[in-house]
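Novice: Encoded as structure tokens, here's the structure I'll be asking about.
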Amino acid sequence: FAGGCFWCMESPFEELNGVTEVIAGYTGGHKENPTYEEVSTGKTGHLEAVQITFDPSIITYSELLEVFWRQINPTDIRGQFADIGSQYKTAVFYHNDEQKRLAEESKEKLQVSGKFQRDIVTEIIPASKFYVAEDYHQDYYKKSSIRYKLYRAGSGREAYLKST
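Take 2 as the starting number for the sequence shown in the working numbering and just add one per residue.
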């Protein structure tokens, strides 16, 4: 799942029963083994994303999609909140036809719900190679909790999510 800054996407999934691992990284682009600095230029084609490992006997992919949609502004094509750039766009990366179908259905359900005045622009894309981000990005919300809280509040994400 790509939902803007990957720091903000780890915690909502890690706290879910049935999720066994959440890894921050980069995917969707053309540069092999990209670094944070390279992805930050917006020239690699990669998006900041999280890769989630889960036990489908405990939590379903549909439930993960519901959590994903609640973490983002799916109508913003420029990025997410204070983070503007192609690397911060939103996307669902699917691994099989069933995930694709469920992602498309959940996107359509959200579109027709009337919750948003604008079109949902989050893309649904086949998963490609996922590159694990540098260690200091992993579990950033735990490692640097004060900085993370300040970033999250300052980005506008927290206020937006509370208002929707």
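The beta-carbon is built from N, C-alpha and C at its ideal position, and this holds for glycine as well.
Predicted, not measured: the structure shown is a model, and the values here were computed from it.
State the DSSP-derived secondary structure class of Q139, mapped to helix, strand or coil.
Specialist: coil
Novice: Enumerate, from N- to C-terminal direction, the unbroken beta strand (DSSP E) stretches of 3 or more residues contained entirely within the segment 106-130.
Specialist: 124-127
Novice: Whole angstroms is fine: what's the gap from D136's alpha carbon to K150's?
Specialist: Roughly 19 Å between the two C-alpha positions.
Novice: Relative to the C-alpha of Q118, which residue among N74, Y152, D84 and K90 is closest?
Specialist: N74
Novice: Determine the closest residue to D120 out of F131, K108, S129 and A128, with distance taken between C-alpha atoms.
Specialist: K108
Novice: Check whether the Cβ atoms of A128 and A3 lie closer than 8 Å to each other.
Specialist: no
Novice: Quick one: using the 10 Å Cβ neighbour count with 16 as the cut-off for buried, is A25 buried or exposed?
Specialist: buried
Novice: Can you find the residues in the same chain that come closer than 6 Å, C-beta to C-beta, to H138, ignoring five residues on each side of it along the sequence?
Specialist: A25
Novice: Pop quiz: F14 and A134 are said to be a contact at Cβ under 8 Å. What is the actual Cβ separation, rounded to whole angstroms?
Specialist: Incorrect: roughly 15 Å between the Cβ atoms, too far for contact.
Novice: Counting pairs of beta carbons, one from the segment 76-84 and one from the segment 14-23, are three or more of them closer than 8 Å?
Specialist: no
Novice: Should T45 and P35 be called a contact, given that it needs their Cβ atoms to be closer than 8 Å?
Specialist: yes
Novice: Who pairs with A83 in a beta bridge, going by DSSP?
Specialist: Answer by DSSP bridge pairing: none, since A83 is not bridged.
Novice: Excluding the 5 residues flanking H47 on each side, which residues of the same chain have their C-beta closer than 7 Å to its C-beta?
Specialist: Y27, T28, G29, G30, K32, P35, V40 and Q88
Novice: Could you give the C-beta distance for Y152 and L103, rounded to a whole number, given that I count them as a contact under 8 Å?
Specialist: With a Cβ gap of about 31 Å, Y152 and L103 do not count as contacting.
Novice: Count the other CB atoms within 10 Å of the CB of E106; is the residue buried (16 or more) or exposed (fewer)?
Specialist: By the C-beta density criterion, E106 is exposed, having fewer than 16 other C-beta atoms within 10 angstroms.
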